[in-house]
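Visitor: Sharing a structure here in structure tokens format.
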Amino acid sequence: MDDLLIGIDLGGTNLRVGAVTPQGEVLDIISEPFDAARGPQVGIDKICGIITALRDRTMGRGLRGIGIGATGPVVRERGVIQNPYTLPTWEDVDIVSPVCNRFSVPVNLENDADAAALGEYWMGAGRGLRRLAAVTVGTGIGTALILDGKVYRGAEGWHPEGGHMVIDPSGPACYCGSHGCWESLAAGPAIALQAQAVAAQEGGGMLRLTDGKLNLIDARILVKAARQGDPPARRLVEKISTYLGLGLVNICMLYFPDGIVLSGGVMRSYEVFAPGIQQVLAHHDAVVPMDKVKIVKTQIEGQSGVIGAARSVLNLIEEQAL
Ligand SMILES: [Zn+2]
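What follows is the structure, given as structure tokens:
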């Protein structure tokens, strides 16, 4: 039976490829480190090799389609990855044609935030929510909107980048050219920088956890110290929670979705940031009832990208059949 879907989650350092049924069940998943700097040819060969291995491991089930969620920017219509920022050497790389030629099935390329959001809508915490926003807080902040099960696309198919909405114009410089973007204040690397600055000034629990090594302080250490009650760490968690909350407030003010699913490395510790986030949301509920927006943590961490990429090719096949 030719019903096997392949979902690919291509990140800056990690590649995940999953075999997914048309019902969204993950049959098998292969996760490997990914070194983009070895070049697109090596990378695409590696991806094709893993797809073949997965197909062989699923008892010879035939392929129905392949979905690729890649860290953006991507030009979806042309099947092109244009991301030399987090995939060094991957500038204007057509990934769809070679994969399509190799396997002769429909192949769809999505921005990874869109793929993860589709996964949440299909099989995750956002299941069935008609207006769903998804926010991934990791090395950056990715945002996506799903409306009635379909990815919201901007003009000419461009993917809106909510991580670069400006939260504080007097904030730190971002690689995009702005200052005080959401991700330059509240993504993992930004949290690490602020935690190191606080520890350098105030000392305390974070330095004790890294044996005095400032450069080892990251978001995880901050969360650990805050959980242990360290006052400087707790104050910084409050500040980061405010930044996280303000970005969510902006999403609510613009779209007022039924729900927002949170995922990514930083959100694994959602419980630590939740009280501060909830406080900010409650402060901004004069004109819209913020408590109507379900804020939930992902239940399929690490798999939403693969599941959503698989779903995206199913959507493509359905659209083409119309
Ligand atoms: Zn930016």
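According to our numbering, the sequence shown is numbered sequentially starting from 8. Glycine included, each C-beta is placed from N, C-alpha and C at the ideal position. All values derive from a computational prediction rather than experimental measurement.
Closer than 6 Å: is that where the CB of H171 sits relative to any heavy atom of ligand 1?
Guide: Your numbering for residue 171 matches position 164 in the sequence shown. H171 Cβ: within cutoff of ligand 1.
Visitor: Give the straight-line distance between the Cα atoms of L251 and P282, rounded to the nearest whole angstrom.
Guide: In the sequence shown, counting from the first residue as 1, residue 251 sits at position 244. In the sequence shown, counting from the first residue as 1, residue 282 sits at position 275. Using only the alpha carbons, I get a separation of about 11 Å.
Visitor: For a test of your reading of the model: does the CB of S177 fall under 6 Å from any non-hydrogen atom of ligand 1? Yes or no.
Guide: Within the sequence shown, residue 177 is the residue found at index 170, counting from 1. Answer for S177: no, Cβ out of range of ligand 1.
Visitor: Cα separation between G19 and P296?
Guide: The sequence position of residue 19 within the sequence shown is 12, counting from 1. The sequence position of residue 296 within the sequence shown is 289, counting from 1. Distance between the alpha carbons of G19 and P296 is about 38 Å.
Visitor: How long is the line joining the alpha carbons of I58 and E117, rounded to whole angstroms?
Guide: Numbered from 1 along the sequence shown, position 51 holds the residue referred to as residue 58. Numbered from 1 along the sequence shown, position 110 holds the residue referred to as residue 117. If you take the alpha carbons of I58 and E117, they lie about 18 Å apart.
Visitor: Please report the distance separating the alpha-carbon of T143 from that of T249.
Guide: Indexing the sequence shown from 1 puts residue 143 at position 136. Indexing the sequence shown from 1 puts residue 249 at position 242. Near 16 Å, if we compare the C-alpha coordinates of T249 and T143.
Visitor: Measure the CB-CB distance between A43 and P105 and report whether it falls below 7 Å.
Guide: On the sequence shown, position 36 is the one that residue 43 refers to. On the sequence shown, position 98 is the one that residue 105 refers to. In this structure, P105 does not lie closer than 7 Å to A43 by Cβ.
Visitor: Using a 10 Å radius around the Cβ and a threshold of 16 neighbouring Cβ atoms, would you call M260 buried or exposed?
Guide: Here residue 260 refers to the residue found at position 253 when the sequence shown is read from its first residue. Result: exposed.
Visitor: Considering only the beta carbon of each residue, do E127 and G133 sit closer than 7 Å?
Guide: The residue you call residue 127 lines up with position 120 of the sequence shown. The residue you call residue 133 lines up with position 126 of the sequence shown. Taking 7 Å as the Cβ cut-off, E127 and G133 qualify as a contacting pair.
Visitor: Beta carbon of V33, beta carbon of G46: below 7 Å?
Guide: Here residue 33 is taken as the residue at index 26 of the sequence shown, counted from 1. Here residue 46 is taken as the residue at index 39 of the sequence shown, counted from 1. The answer is no: Cβ separation not under 7 Å.
Visitor: Tell me, please, whether the segment 174-183 touches the segment 149-160 by the rule of three or more beta-carbon pairs shorter than 8 Å.
Guide: The segment 174-183, when compared against the segment 149-160, does not touch it at the 8 Å Cβ threshold.
Visitor: Could you check if D99 is buried or exposed, using at least 16 other CB atoms within 10 Å of its CB as the buried criterion?
Guide: Your numbering for residue 99 matches position 92 in the sequence shown. D99 should be labelled exposed.
Visitor: Do you know how far the Cα of V268 is from the Cα of K301?
Guide: Position 294 of the sequence shown, counting from 1, holds the residue named residue 301. Position 261 of the sequence shown, counting from 1, holds the residue named residue 268. Each residue's Cα considered, the two are about 8 Å apart.
Visitor: For the segment 156-230, which segments carrying the alpha helix (DSSP H) assignment without a break, of at least 4 residues, lie completely within its bounds, in sequence order?
Guide: 189-193, 195-209 and 212-216
Visitor: Let's test the definition: count the other Cβ atoms within 10 Å of the Cβ of R83 and tell me whether it reaches 16, buried, or not, exposed.
Guide: On the sequence shown, position 76 is the one that residue 83 refers to. Classification for R83: buried.
Visitor: Could you check whether the segment 179-186 touches the segment 297-316, counting it as contact only if at least three pairs of C-beta atoms, one from each stretch, sit closer than 8 Å?
Guide: no
Visitor: Could you check whether the Cβ of L185 sits closer than 6 Å to any heavy atom belonging to ligand 1?
Guide: To locate residue 185, count along the sequence shown from 1; it is residue 178. Looking at the sequence provided, one finds Ser at residue 185 rather than Leu. Under cutoff, so the answer is yes.
Visitor: Nearest-angstrom Cα distance between G67 and V112?
Guide: Here residue 67 refers to the residue found at position 60 when the sequence shown is read from its first residue. Here residue 112 refers to the residue found at position 105 when the sequence shown is read from its first residue. Rounded to the nearest angstrom, the two C-alpha atoms are 15 Å apart.
Visitor: So if DSSP puts L11 in a beta bridge, which residue, or which two residues, is it bridged to?
Guide: Taking the sequence shown and counting its residues from 1, the one referred to as residue 11 is at position 4. Answer is L70, bridged to L11.
Visitor: In chain order, which alpha helix (DSSP H) runs of at least 4 residues are fully inside the segment 14-51?
Guide: none
Visitor: For A289 and I258, what's the separation of their Cα atoms in angstroms?
Guide: Counting from one through the sequence shown, the residue named residue 289 turns up at place 282. Counting from one through the sequence shown, the residue named residue 258 turns up at place 251. In a straight line, the C-alpha of A289 is about 14 Å away from that of I258.
Visitor: Does D10 pass the burial test, meaning 16 or more other C-beta atoms within 10 Å, or should it be called exposed?
Guide: The residue labelled residue 10 in the question sits at position 3 within the sequence shown. Exposed, by the Cβ-count rule.
Visitor: Quick check: L12 and R71, are their CB atoms within less than 7 Å of each other?
Guide: Start at 1 with the first residue of the sequence shown, and residue 12 comes out as number 5. Start at 1 with the first residue of the sequence shown, and residue 71 comes out as number 64. Yes, Cβ-Cβ distance for L12 and R71 is below 7 Å.
Visitor: If E190 and G219 are in contact, beta carbons under 8 Å, what's the gap, nearest whole angstrom?
Guide: Start at 1 with the first residue of the sequence shown, and residue 190 comes out as number 183. Start at 1 with the first residue of the sequence shown, and residue 219 comes out as number 212. Actually they do not touch by this definition, with Cβ atoms about 29 Å apart.
Visitor: Roughly how many whole angstroms lie between the Cα atoms of R234 and N322?
Guide: As a position in the sequence shown, residue 234 is number 227, starting the count at 1. As a position in the sequence shown, residue 322 is number 315, starting the count at 1. Answer to the nearest angstrom: the Cα atoms are 43 Å apart.
Visitor: Restricting to Cα atoms, I'd like to know which of V49, A77 and N90 is closest to C183.
Guide: Counting from 1 along the sequence shown, the entry for residue 183 is found at position 176. Measuring from the Cα of C183, the nearest candidate turns out to be N90.
Visitor: Thinking C-alpha only, which one of G131, N21 and K53 is nearest G315?
Guide: Working through the sequence shown from its first residue, we reach residue 315 at position 308. Comparing Cα-Cα distances from G315 to each of G131, N21 and K53, the minimum goes to G131.
Visitor: Could you give the DSSP three-state label for D101: helix, strand or coil?
Guide: By 1-based counting over the sequence shown, the position of residue 101 is 94. In this structure, D101 counts as strand in the three-state DSSP scheme.
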